[in-house]
Structures are given as C-alpha cells and as structure tokens.
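Enquirer:
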Amino acid sequence: AQSVTQPDIHITVSEGASLELRCNYSYGATPYLFWYVQSPGQGLQLLLKYFSGDTLVQGIKGFEAEFKRSQSSFNLRKPSVHWSDAAEYFCAVGVDGTASKLTFGTGTRLQVTL
Amino acid sequence: EPEVTQTPSHQVTQMGQEVILRCVPISNHLYFYWYRQILGQKVEFLVSFYNNEISEKSEIFDDQFSVERPDGSNFTLKIRSTKLEDSAMYFCASSGIAGGRYEQYFGPGTRLTVT
Numbered sequence: 027a028q029s030v031t032q033p034d035i036h037i038t039v040s041e042g043a044s045l046e047l048r049c050n051y052s053y054g055a056t057p058y059l060f061w062y063v064q065s066p067g068q069g070l071q072l073l074l075k076y077f078s079g080d081t082l083v084q085g086i087k088g089f090e091a092e093f094k095r096s097q098s099s100f101n102l103r104k105p106s107v108h109w110s111d112a113a114e115y116f117c118a119v120g121v122d123g124t125a126s127k128l129t130f131g132t133g134t135r136l137q138v139t140l
Numbered sequence: 049e050p051e052v053t054q055t056p057s058h059q060v061t062q063m064g065q066e067v068i069l070r071c072v073p074i075s076n077h078l079y080f081y082w083y084r085q086i087l088g089q090k091v092e093f094l095v096s097f098y099n100n101e102i103s104e105k106s107e108i109f110d111d112q113f114s115v116e117r118p119d120g121s122n123f124t125l126k127i128r129s130t131k132l133e134d135s136a137m138y139f140c141a142s143s144g145i146a147g148g149r150y151e152q153y154f155g156p157g158t159r160l161t162v163t
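Top to bottom, those sequences are chains U and Y. According to this note's numbering, the first sequence is numbered sequentially starting from 27. According to this note's numbering, the second sequence is numbered sequentially starting from 49.
(1) Taking any Cβ of chain Y, which residues in the segment 83-95 of chain U have a Cβ under 9 Å from it, in chain order?
(2) Check whether chain U comes within 9 Å of residue 141(Y), counting only Cβ atoms and requiring the distance to be less than that.
(3) I want to see whether chain U comes within less than 9 Å of residue 59(Y), judged by CB atoms only; does it?
(4) According to DSSP, residue 68(Y) sits in a beta bridge with which residue or residues?
(5) Rounded to the nearest angstrom, what separates residue 116(U) and residue 84(U) at their Cα positions?
(6) Please identify, using Cβ separations under 9 Å, the residues of the segment 68-90 of chain Y that lie next to chain U, in order along the chain.
(7) Going by DSSP in three states, residue 92(Y) sits in which element: helix, strand or coil?
(8) Work out the CA separation of residue 68(Y) and residue 138(Y) for me, nearest whole Å.
(9) CA-CA distance, residue 84(Y) and residue 49(Y)?
(10) Residues of the segment 43-71 of chain U in Cβ contact with chain Y at a cutoff of 7 Å, in chain order, please.
(11) Hey, how far is the Cα of residue 102(Y) from the Cα of residue 111(Y)?
(12) Helix or strand or just coil, what does DSSP make of residue 157(Y)?
(13) Please report how far the alpha carbon of residue 71(Y) lies from the alpha carbon of residue 134(U), in whole angstroms.
(14) Enumerate, from N- to C-terminal direction, the unbroken alpha helix (DSSP H) stretches of 4 or more residues contained entirely within the segment 77-119 of chain U.
(15) So which residues on chain U does residue 93(Y) lean against when the C-beta distance must stay under 9 Å?
(16) Exposed or buried, residue 155(Y), counting other C-beta atoms within 10 Å across all chains shown (16 or more means buried)?
(17) What is the DSSP secondary structure of residue 107(Y), reduced to helix, strand or coil?
(18) Report the neighbours of residue 154(Y) on chain U: residues whose CB is nearer than 7 Å to its CB, in chain order.
(19) Where does the unbroken beta strand (DSSP E) through residue 136(Y) begin, and where does it stop?
(20) How close, in whole Å, do the beta carbons of residue 32(U) and residue 53(U) come, if the pair is a contact with beta carbons under 8 Å?
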C-alpha cells in the first residue's frame, strides 16, 4: 500500500524568504503526486500535480515541486513566501487504477512572520 | 470556474441519529469520492464511486455508511447511526476524464459534530 510522509509538522518562515516543504512517498510503481493547500476553515485546493514527464512541475500561486524518483520525494518550493501563504499543506499520492483514491500525508502547517 | 459544492457547511446531530451529507460534484466529472478529516489529523479516504457503484472503500466505511447518486447532480453520504467518533470534516471530491481521473477537486467540506 502507498504511504506519504511529511516530516515537518510545523514550519515558520519570514515573508519574502524561500520555502521548501518535504514530502516522501512509498509506492512500488510510478506514483501520481499532488500538493494541496488548506486555509483555516476551508477545503483543499489543488496546488500542483505530477503525472509523468518533466519532473519539475509548476503550480498556482508561484509554487513548484520536483519529483525525484531516486529519493522518493516530491518537495514543494516557493522562492518568496507571502503572508497569505500561511496555511496547511498536504502532499498526496494516487496510484493507477479506476477511481484511484488519494493517500495524504499528515500535513505541514506553514506560519509566515512579517 | 466549476467547483464542488457541499451542504450543509456545519451539521450538529445527536449520537444515534442519521445524517445525510450532500455534494454537487463538477458537472462533467465521472468519479466521486468522500474523505474525512478528524480535527488535527490527516485527510482519510472513505469511498470512491463510479458508474453508480462503489469502486473502492476503506476500512472506515463500514455498514453504517452508504453513498448514493440519487439524480444526475447530487452525491450523498449517509451515516445511519452516528457515533461520537464520526465527528469530523467530511470532504467530497470529484474527478473527470478531461482533467485526468487522478486530478481530484475538493469541496469546502461539511463539519459534522456528533454530541
């Protein structure tokens, strides 16, 4: 069965600083990888996805993520964080198959200081 | 931009009561899902639904739970006899062929409180 690990429960960065959120997955074949963001009291918004091809994927709000098969990682990055980026970020993995479920990590809460 | 909607946003019910959570998926999507998130925990898969039948369900999705697509637009989750531990945020999601079946779009959630 697939699994996702987000080793950082809570990260604090200053506004304007760069950000990297870590995500490691476990799955035997090529996974389908996603990052979602959840603002307080809100639903899950899809930031970006990796299905195949170019291992560096661009998403909304200036985020990008890089798939590294050798490290089983899919880390999320942003060069300059804005205060509005404060939220909970979830990495998720899907597998091939019909109506594939997503398996989520435990999330990383991002705090942005001014 | 099309979005998944859910009603109600918050439901309070007494233990043992039945609740129905409603979702309107994105109109041209074919795959539908329910997930839940207990406060402070990660999002967990409950069930997926395609072609009017359950495709996959988790261990959480026991006989107390059921799903239905009663018409062409709604997708519901019923909990027959709620327990305290059913208190959680329930998210509906949908995905479609056009976007790739794995690109799931989530609704804003229904917060269920069982007292």
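All residues carry an ideal CB built from backbone N, CA and C; glycine is no exception.
Expert: A quick look at the data gives this:
(1) Within the segment 83-95 of chain U, no residue qualifies.
(2) It does; some Cβ of chain U falls within 9 Å.
(3) The Cβ of residue 59(Y) sits no closer than 9 Å to any Cβ of chain U.
(4) Per DSSP, the beta bridge partners of residue 68(Y) are 126(Y).
(5) Their backbone Cα atoms lie some 16 Å apart in a straight line.
(6) So the close ones are 78, 79, 80, 81, 83, 85, 89 and 90.
(7) Look at residue 92(Y) here: in three-state DSSP terms it is strand.
(8) Looking at the backbone, the Cα of residue 138(Y) and that of residue 68(Y) are separated by about 11 Å.
(9) For residue 84(Y) and residue 49(Y), the gap between their C-alpha atoms comes out near 24 Å.
(10) If the cut-off is 7 Å between Cβ atoms, the segment 43-71 of chain U has 58, 68, 69 and 70 near chain Y.
(11) Residue 102(Y) and residue 111(Y) have their alpha carbons spaced roughly 13 Å apart.
(12) In this structure, residue 157(Y) counts as coil in the three-state DSSP scheme.
(13) When only Cα atoms are considered, residue 71(Y) and residue 134(U) end up about 27 Å apart.
(14) Runs found: none.
(15) Near residue 93(Y) (Cβ distances below 9 Å), the residues of chain U are 127, 128, 129 and 130.
(16) So residue 155(Y) ends up on the buried side.
(17) Taken through DSSP and simplified to helix, strand or coil, residue 107(Y) comes out as coil.
(18) Within chain U, the residues 69 and 70 have their CB atoms less than 7 Å from the CB of residue 154(Y), given in chain order.
(19) Taken as a continuous stretch (DSSP letters only), the beta strand (DSSP E) holding residue 136(Y) covers 136-143.
(20) Wrong, their Cβ atoms sit about 15 Å apart, outside the cutoff.
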